[in-house]
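Novice: This structure is in structure tokens; I'll ask about it shortly.
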């Protein structure tokens with residue numbers, strides 16, 4: 006069940022980086038009622054479905070959401086895992102309808118932003134316009150990076166790159182990059198990486214046994230980041 010609660014932007018961990026952070030408080034008071042609330046989703050709740058008309062963008066306030074589509078065989082194909090701070094629905098701006106379905110992987114909350122209202126706001130407020138375009142650019146850069154990283158890679162390298170990308174994303178959001186809980190199941194990771202569940206499970210076990218990670222179910226502790234980066238074919242540039 007999806008519940009709606011009054012939004013308290015000042016209490017949000019992303020209020021300083023949110024697309025609306027440059028908005029005058031008076032503009033927020035005049036915003037549509039839906040933009041002044043946030044929705045709470047439980048695991049399995051759908052935010053939007055493929056083919057549905059897009060009239061709202063959603064800022065992921067907390068939790069994790071997967072976007073997915075169906076293959077020609079009718080099987081789920083995960084497109085991306087979204088973390089808090091990201092905007093969902095932007096890939097539907099061009100066509101006007103969603104090309105994938107968004108499903109909560111755990112308890113999550115989103116802030117709905119009616120797209121027509123957001124457009125008018127961006128026309129009047131340069132900072133909002135700048136943040137919106139920057140988020141769109143980041144979205145394109147992320148997709149390009151993932152395609153280049155995962156293409157023609159071995160299973161250990163794909164899993165390593167997935168974990169590195171997740172670790173970096175969590176660090177960017179102010180969370181621990183060394184110790185974190187996976188919201189997604191092994192089968193969902195396998196689906197996303199184009200691997201079998203057995204291969205992903207064996208790779209996690211191998212990483213654990215070799216001292217790269219400490220794995221306890223979905224709880225991950227990175228013990229050898231340079232080693233993980235090397236396995237992914239990357240250099241550790243973080244300070």
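In the working numbering, the protein residues as written are 6 to 244. Even glycine gets a Cβ: it sits at the ideal position worked out from N, Cα and C.
Cβ of residue 198 within 7 Å of Cβ of residue 163?
Specialist: Residue mapping note: residue 198 aligns to position 193 of the chain shown, counting from 1. Residue mapping note: residue 163 aligns to position 158 of the chain shown, counting from 1. Yes, Cβ-Cβ distance for residue 198 and residue 163 is below 7 Å.
Novice: Output the residue ranges of the alpha helix (DSSP H) runs that lie fully inside the stretch 130–157 and measure 4 residues or longer, sorted by chain position.
Specialist: Runs of the alpha helix (DSSP H) inside the stretch 130–157: 131–155.
Novice: What three-state label does DSSP hand residue 102 in the structure shown?
Specialist: Sequence index remark: in the chain shown, residue 102 carries index 97 (1-based). Of the three classes helix, strand and coil, the one that applies to residue 102 here is strand, per DSSP.
Novice: For residue 268, which option in 212, 76, 201, 47 has the closest C-alpha, if you only look at C-alpha atoms?
Specialist: Shown here, the chain extends from 6 to 244; a query on residue 268 therefore has no answer.
Novice: Residue 151: which of 109, 117, 167 sits nearest, CA to CA?
Specialist: Numbered from 1 along the chain shown, position 146 holds the residue referred to as residue 151. Of 109, 117, 167, the residue nearest in Cα terms is 167.
Novice: Relative to the alpha-carbon of residue 190, which residue among 203, 178, 181 has its alpha-carbon at the smallest distance?
Specialist: On the chain shown, position 185 is the one that residue 190 refers to. The option with the nearest alpha carbon to residue 190 is 203.
Novice: Is the stretch 125–136 touching the stretch 86–93, taking contact as three or more C-beta pairs under 8 Å?
Specialist: The answer is no - the stretch 86–93 does not touch the stretch 125–136, with fewer than three Cβ pairs under 8 Å.
Novice: May I ask which residues mark the beginning and end of the alpha helix (DSSP H) holding residue 160?
Specialist: In the chain shown, the residue the question calls residue 160 occupies position 155. Run containing residue 160: 160–177, per the alpha helix (DSSP H) assignment.
Novice: Looking only at its own chain, which residues have a Cβ that is under 7 Å from the Cβ of residue 219, when we skip the five neighbours before and after it?
Specialist: Your numbering for residue 219 matches position 214 in the chain shown. 213, 226, 228, listed in sequence order.
Novice: Would residue 160 pass as a contact of residue 200 if the rule is Cβ separation under 7 Å?
Specialist: Residue numbering aside, residue 160 sits at position 155 when the chain shown is read from its first letter. Residue numbering aside, residue 200 sits at position 195 when the chain shown is read from its first letter. In this structure, residue 200 lies closer than 7 Å to residue 160 by Cβ.
Novice: Give the range of the alpha helix (DSSP H) segment to which residue 221 is assigned.
Specialist: The residue you call residue 221 lines up with position 216 of the chain shown. Segment 218–221 is the beta strand (DSSP E) holding residue 221; no alpha helix (DSSP H) there.
Novice: Start and end of the beta strand (DSSP E) containing residue 42?
Specialist: Numbered from its first residue, the chain shown carries residue 42 at position 37. Residues 42–46.
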